[in-house]
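Asker: Quick one: this structure, given as structure tokens, is what I'll be asking you about.
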Ligand SMILES: *[C@@H]1O[C@H](CO)[C@@H](O)[C@H](O)[C@H]1NC(C)=O
């Protein structure tokens, strides 16, 4: 399916900027909006806004039981049972996956982006200054209408990527995957610079390993374990493709759901304490072409990045060896492209992890888009641009995670990959 150009342009825009340091790609989406053939800053023009609202409405719908049931019924008997608790993730144009939660009693509903970087969960606050409340139509948490709210007297003011987030911590019941965590600490943000404008997402579900300075509260996952709601500090993620007609994306908290993968996990140990980072042995093409990251390099699985990013020289060489042609589109829309009729013939890109080959097919590492009425296939392996020393060489974002069911095992400090199950089209 074709991504709307407005959305797509943004993804590509970041490739040109600093893919890694920018954070959630859709953040940029809201700032750069396509008008005719130009990109301008500002709000969508009315026609587009309406269109998007419609699509967003669909994207935001929870699947009906019967939809889900269709797939459930095909489940083979020999599969082991899931070991955790499943929660559906809502796929926003393959750019962002959000998880429905409620906070408070009675529950106030939010959609929060699952984030493998930070461990902090936050939602916008009703106490935000009026001008922010007007500007961004997020759902906002109201402590006054929850009987389980307690104060936590701590403030935060952080730059999260390029976004400033300011607010205070609170405690309340948080319901996720049909269980209620008591006294969960979370951030109420008073200011968040445009993070999710225009999306159906309100805040963040922190599943990462990094903590804010001085932040000692337990994360959602840690609390689930300590309150006996799930067996282990593990979560696993199945991500579907937008518009594929397959089952919904699923976050399994506390374990894995083998229904979503086709093989055993390959595990690799984490190499740093504060990131889902690990060593890859090498990156190569199945055609026997180029070998990259020759003497090993560091990679990180990152739900904030919708694409795959690597060192500039290497990703350039890789795209060229695949036969990609560089094109300059309207503002920032520059990338390697392939002829869509030839995409199926392209070799796989293989990441060798702990001796095991994790292959991405061309359908995994390209995306179709329309440009000036022409359908082109663009690369989703982009240059990372600038990065700080000590940061990983490769970022394996959502494009990678859609191909590999990923298990994040905090208890054993390791990460596991198993080929995601493919579902027949219905
Ligand atoms: C709700 O939060 C505001 C802002 O932190 C605080 O001033 C107020 O006292 C809180 N309400 C209750 C009932 O605690």
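Numbering (UniProt numbering), first residue to last: 1 to 426.
Using N, Cα and C, we set each Cβ at its ideal position, and we do this for glycine too.
1. Give me the Cβ distance between residue 306 and residue 94, rounded to the nearest whole Å; I'm assuming they're in contact under 8 Å.
2. Report the rounded CA-to-CA distance for residue 204 versus residue 391, giving the unit in angstroms.
3. Looking at the structure shown, is residue 239 part of a helix, part of a strand, or coil, going by DSSP?
4. Where does residue 259 fall in DSSP's three states?
5. Have a look at residue 129 and residue 179 and give me their C-alpha separation to the nearest angstrom.
6. Can you check DSSP and say which residues form a bridge with residue 112?
7. For residue 61, which residues in the same chain have their Cβ closer than 6 Å to its Cβ, ignoring the five residues on either side in sequence?
8. When the distance is taken between beta carbons, is residue 170 closer than 8 Å to residue 142?
9. Measuring straight from C-alpha to C-alpha, what distance separates residue 294 and residue 401?
10. Identify whether residue 278 lies in helix, strand or coil by the three-state DSSP scheme.
11. Can you have a look at residue 165 and say buried or exposed, based on whether 16 or more other CB atoms are within 10 angstroms of its CB?
12. I need the DSSP call for residue 299, collapsed to helix, strand or coil.
13. Is any non-hydrogen atom of ligand 1 found closer than 7 Å to the C-beta of residue 166, if you look at the structure I gave you?
14. Indicate whether the contact test is met: 3 or more Cβ pairs, each with one atom in the region 367-386 and one in the region 410-423, closer than 8 Å.
15. Could you please give me the residues that DSSP links to residue 429 through a beta bridge?
16. Have a look at residue 87 and residue 260 and give me their C-alpha separation to the nearest angstrom.
17. Taking C-alpha atoms, which residue in 89, 85, 397, 147 lies nearest to residue 430?
18. Spell out a yes or no on whether the region 283-301 and the region 103-115 are touching, meaning 3 or more CB-CB pairs, one atom from each, closer than 8 Å.
19. Find out if the Cβ-Cβ distance for the pair residue 82, residue 252 is shorter than 8 Å.
20. Below 7 Å, is the gap between the Cβ of residue 127 and the nearest heavy atom of ligand 1?
21. Using only the alpha-carbon positions, how far apart do residue 263 and residue 127 sit?
22. Which word fits residue 136, buried or exposed, when buried means at least 16 other C-beta atoms lie within 10 angstroms of its C-beta?
23. I'd like the span of the alpha helix (DSSP H) that includes residue 89, first residue to last.
24. Can residue 151 be considered in contact with ligand 1, in the sense that its beta carbon sits closer than 7 Å to one or more heavy atoms?
25. Rounded to whole angstroms, what's the CA-CA distance from residue 406 to residue 255? Just pull it up for me.
26. Give the DSSP-derived three-state secondary structure of residue 377 in the structure shown.
27. Do you know offhand how far residue 78's Cα is from residue 330's?
28. Is the beta carbon of residue 155 within less than 7 Å of some heavy atom of ligand 1?
29. If residue 186 sits next to residue 207, beta carbons under 8 Å apart, how far is it from one beta carbon to the other, in whole angstroms?
30. Give the C-beta separation of residue 377 and residue 327 to the nearest angstrom, bearing in mind that I take them to be a contact with Cβ-Cβ under 8 Å.
31. Taking 7 Å as the cut-off, does the CB of residue 144 come closer than this to any heavy atom belonging to ligand 1?
32. May I ask which residues mark the beginning and end of the alpha helix (DSSP H) holding residue 229?
33. Could you give the distance in angstroms between the alpha-carbon of residue 134 and the alpha-carbon of residue 108?
34. Restricting to Cα atoms, I'd like to know which of 291, 321, 381 is closest to residue 334.
35. Buried or exposed for residue 155, going by 16 or more other Cβ atoms inside 10 Å?
Answerer: The answer reads as follows:
1. To locate residue 306, count along the chain shown from 1; it is residue 306. To locate residue 94, count along the chain shown from 1; it is residue 94. Their Cβ separation, rounded to whole angstroms, is 7 Å, which keeps residue 306 and residue 94 in contact under 8 Å.
2. The residue given as residue 204 occupies position 204 in the chain shown. The residue given as residue 391 occupies position 391 in the chain shown. Answer to the nearest angstrom: the Cα atoms are 22 Å apart.
3. Position 239 of the chain shown, counted from the start, is the residue given in the question as residue 239. The answer is coil: DSSP assigns residue 239 none of H, G, I, E or B.
4. The residue you call residue 259 lines up with position 259 of the chain shown. In the structure shown, residue 259 sits in a helix (DSSP, three-state: H, G or I).
5. Within the chain shown, numbered from 1, the residue matching residue 129 stands at position 129. Within the chain shown, numbered from 1, the residue matching residue 179 stands at position 179. Looking at the two C-alpha atoms, the distance is approximately 32 Å.
6. Numbered from its first residue, the chain shown carries residue 112 at position 112. Residue 112 pairs with 99, 203.
7. Residue numbering aside, residue 61 sits at position 61 when the chain shown is read from its first letter. Only weak support exists for where residue 61 lies, its pLDDT of 43 falling under 50; the value from the coordinates is given anyway. Nothing listed; no residue qualifies.
8. Counted from its first residue, the chain shown places residue 142 at position 142. Counted from its first residue, the chain shown places residue 170 at position 170. In this structure, residue 170 does not lie closer than 8 Å to residue 142 by Cβ.
9. As a working note, residue 294 is residue 294 in the chain shown. As a working note, residue 401 is residue 401 in the chain shown. C-alpha separation (whole angstroms): 23 Å.
10. Stepping through the chain shown from its first residue, residue 278 is reached at position 278. In this structure, residue 278 counts as strand in the three-state DSSP scheme.
11. As a working mapping, residue 165 is identified with position 165 in the chain shown. Label assigned to residue 165: buried.
12. The sequence position of residue 299 within the chain shown is 299, counting from 1. Looking at residue 299 - three-state DSSP - the assignment turns out to be strand.
13. For the purposes of this step, residue 166 is taken as the residue at position 166 of the chain shown. No, the beta carbon of residue 166 sits no closer than 7 Å to any heavy atom of ligand 1.
14. no
15. The chain is shown from 1 up to 426; residue 429 falls before or after that span and cannot be answered.
16. Against the chain shown, residue 87 aligns to sequence position 87. Against the chain shown, residue 260 aligns to sequence position 260. Spanning the two alpha carbons is a distance of roughly 13 Å.
17. For residue 430 there is no data in the structure shown, the boundaries of the chain being 1 and 426.
18. no
19. By 1-based counting over the chain shown, the position of residue 82 is 82. By 1-based counting over the chain shown, the position of residue 252 is 252. It is a contact, given that the beta carbons lie within the stated cut-off.
20. In the chain shown, the residue the question calls residue 127 occupies position 127. Indeed, a heavy atom of ligand 1 lies less than 7 Å from the Cβ.
21. Here residue 263 is taken as the residue at index 263 of the chain shown, counted from 1. Here residue 127 is taken as the residue at index 127 of the chain shown, counted from 1. Roughly 48 Å separates the two Cα atoms.
22. By one-based count along the chain shown, residue 136 stands at place 136. By the neighbour-count rule (16 or more Cβ atoms within 10 Å), residue 136 is buried.
23. As a first step, residue 89 must be located in the chain shown, where it is residue number 89. Run containing residue 89: none in the alpha helix (DSSP H); it sits in the beta strand (DSSP E), 85-92.
24. Mapped onto the chain shown, residue 151 falls at position 151. True, at least one ligand heavy atom lies under 7 Å from that Cβ.
25. Within the chain shown, the letter at position 406 stands for residue 406. Within the chain shown, the letter at position 255 stands for residue 255. Rounded to whole angstroms, residue 406 to residue 255 spans 11 Å at the Cα level.
26. Here residue 377 corresponds to residue number 377 of the chain shown, with the count starting at 1. Here residue 377 sits in strand by DSSP.
27. Residue mapping note: residue 78 aligns to position 78 of the chain shown, counting from 1. Residue mapping note: residue 330 aligns to position 330 of the chain shown, counting from 1. Any answer about residue 78 is weak, because its pLDDT of 46 lies below 50 and its placement is not dependable; what the coordinates show is given next. The straight-line gap from Cα to Cα measures roughly 52 Å.
28. Indexing the chain shown from 1 puts residue 155 at position 155. False, no ligand heavy atom lies under 7 Å from that Cβ.
29. The residue given as residue 186 occupies position 186 in the chain shown. The residue given as residue 207 occupies position 207 in the chain shown. Incorrect: roughly 13 Å between the Cβ atoms, too far for contact.
30. Residue mapping note: residue 377 aligns to position 377 of the chain shown, counting from 1. Residue mapping note: residue 327 aligns to position 327 of the chain shown, counting from 1. Contact flag wrong, Cβ pair sits at about 12 Å.
31. Stepping through the chain shown from its first residue, residue 144 is reached at position 144. Yes, Cβ of residue 144 sits closer than 7 Å to a heavy atom of ligand 1.
32. Start at 1 with the first residue of the chain shown, and residue 229 comes out as number 229. Unbroken run through residue 229: none, as it is neither H nor E.
33. Numbered from its first residue, the chain shown carries residue 134 at position 134. Numbered from its first residue, the chain shown carries residue 108 at position 108. Cα to Cα, the separation comes out at about 19 Å.
34. Counting from one through the chain shown, the residue named residue 334 turns up at place 334. Comparing Cα positions, the closest option is 381.
35. To locate residue 155, count along the chain shown from 1; it is residue 155. Flag for residue 155 reads exposed.
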